[in-house]
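Per my numbering, the sequence shown starts with residue 117, numbered consecutively. Backbone N, C-alpha and C fix where the C-beta goes; we use that ideal spot for every residue, glycine too. For reference, the structure is listed below as structure tokens.
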Amino acid sequence: QHLVEMMPLPLPSQKIGKDMSFEDAKEALYEMIEVYLDQHKENALKSSMLEPMKFLYEKQGQTHNMNSNDVHGYNYPAAILLSCLHVQLPLIPFMGDKWPAQGFLDCWDATGDTKQLWESFQKPENFGKSFTGMRKELQKLKFSKYPKSGDFKGVGKCQTPKHIANIAVNKDEKFKAVRKHIGENYISKFAYFFTKSFFLKKCFEVLNQEAIPEYMGFPVIFQRIFEEYKKGKTDIEDEKVIEWLYDEYFIEIQIDRVWELFTYIGITKDFSKVRAAKDVPLGDDIKAWVKACDMDEKVASVLDEQGYDDLEWMLTKAKEEDMNDMKKFCEISEDDFEKMVDILEDWKLKLQKKKSN
């Protein structure tokens, strides 16, 4: 799934009310998004790295290292994110930390139920949650080998966060395996929480709950933005934004519509216009990805004719050699490629069923 690309946020406004101007509504929402982004980044780091580390420390009975994770262990994954993705967390990592053995564990190099461990931490209901609140779910997991505290796969003992951050972006052939490990097991897991389906749903639902003072007034603000958005659009009959965003039973949110509104006011960018072909990951919006990569214009034109969004199955229309080119071009693993093909076939069956009806 592709990542949500964020626009730079302007200065906020405190003018919240039913009679607010469209510009005031946008500025008020920018402030809320800025607050939420810091919270989301912290939770993404916890669920993808810090809490799995703490859990494995507890499994080994290393209480001291587990308790030191927030002090020393935090700096190493935070430095990797800063180096590879330019992600700035609310708490800036100390690049000169020389105590990796006290709190840093290469958790995704453990031997055992690491796949099940990630499946637990990636659940929306567990996002940002401490492992101590997941003990019932995690207690069944078993591991036969744990990495040595302070070591990193292919590197040995980490010297400083700066050391591992530099290796993460060093294109020297000798670090290829290390960079692959970082990309597949750290960057990808953190990035998962910023995919279109995860981020937008979580962001909207958290803001709409108005759980903290900074989010108060969000429903009013978003309604004002919706009213401006639907002007001149004869295909939108709903008066309330909440009715337009959810299905008729108010159970499933329609992520593409959240995406439309966020893009309309400049919070997210048009996916097809912001990434160079080499940087575009496989994801929901295959149509934009195909166009950006310019790999098969025929596929893109067929998508346009169909008039549907996010039709992953359309990639199956590409020639077999084109599929192999895509696999090589994106540098994805064999397992990920097979998963992608399964998704494409599933969508193809759905469309065939829809046509038959």
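State the DSSP-derived secondary structure class of S260, mapped to helix, strand or coil. strand
Separation of A194 from P206, as counted between CA atoms: Computed Cα separation, rounded: 10 Å.
Tell me, which residues are paired with Y362 by DSSP? I369
Unbroken alpha helix (DSSP H) run spanning N301, endpoints: N301 -> no alpha helix (DSSP H), and no H or E assigned at all.
Closest by CA to F243, which one among M165, W360, C274, D225? M165
K264 versus D222 - alpha carbon distance: 8 Å
CB contact flag (G219, G177, <8 Å): no
What residue range does the alpha helix (DSSP H) around F320 cover? 312–325
Going by beta carbon distance, what residues of the same chain come within less than 6 Å of G270, once the five residues before and after it are set aside? A293, V294
Enumerate in chain order the residues of its own chain whose CB-to-CB distance from F342 is below 6 Å, with the five nearest sequence positions on each side excluded. If the five residues before and after F342 are omitted, its C-beta is found closer than 6 Å to the C-beta atoms of V357, all from its own chain and listed in chain order.
Our contact map puts A226 next to L172 with C-beta atoms below 8 Å; I'd like the distance itself, whole angstroms only. Right, their Cβ atoms sit about 6 Å apart.
Would you report the Cα separation of S76 and D354, rounded to the nearest angstrom? The structure shown has nothing for residue 76, since the chain only spans 117 to 473.
Let's see if you can read the secondary structure: which residues bound the alpha helix (DSSP H) around W224? Note, W224: premise wrong, no alpha helix (DSSP H); not H, not E.
Nearest residue (CA-CA) to F309, options Q155, M211, E359: Comparing Cα positions, the closest option is Q155.
One question on the structure: do Y192 and P277 come within less than 8 Å of each other, judged by their Cβ atoms? yes
Per DSSP, cross-strand counterpart(s) of T350: BP columns for T350 are empty, so no partner.
Check whether the Cβ atoms of F366 and L316 lie closer than 8 Å to each other. No, they are not a contact pair.
Quick check: the Cα distance between K261 and Q232, rounded to an integer number of angstroms? 15 Å
Assuming A324 contacts F334 under a Cβ cut-off of 8 Å, what Cβ separation, rounded to an integer in Å, is found between them? Sequence inspection shows Asn at residue 324; the Ala mentioned does not correspond to that position. With 8 Å as the limit, N324 and F334 qualify as a contact, their Cβ atoms being about 6 Å apart.
Using CA coordinates, which residue listed in D135, Y302, N159, E300 is at the minimum distance from P318? The sequence shown places Lys at residue 318, not Pro. Answer by Cα proximity: N159.
What is the C-beta distance between N229 and F259, in whole angstroms, given that I count them as a contact (C-beta under 8 Å)? Correcting the residue type first, residue 229 is Asp in the shown sequence and not Asn. About 7 Å separates the two Cβ atoms, so the contact holds.
Here's a check: name, in chain order, each residue in its chain whose Cβ is nearer than 7 Å to the Cβ of M332, leaving out the five neighbours to either side. E326
Using the rule of at least 16 other Cβ atoms within 10 Å of the residue's Cβ for burial, across every protein chain shown, is E139 buried or exposed? exposed
Under 8 Å between the Cβ atoms of N185 and M169? yes
Close-in-space but distant-in-sequence residues of the same chain around Y345 (CB under 7 Å, 5 per side omitted): Closer than 7 Å at the Cβ level, and outside the excluded window around Y345, lie L377, Y380.
For T384, which three-state DSSP category applies? strand
Would you mind reading off the limits of the alpha helix (DSSP H) that contains A217? Looking at the DSSP string, A217 is not in any alpha helix (DSSP H), and its letter there is neither H nor E.
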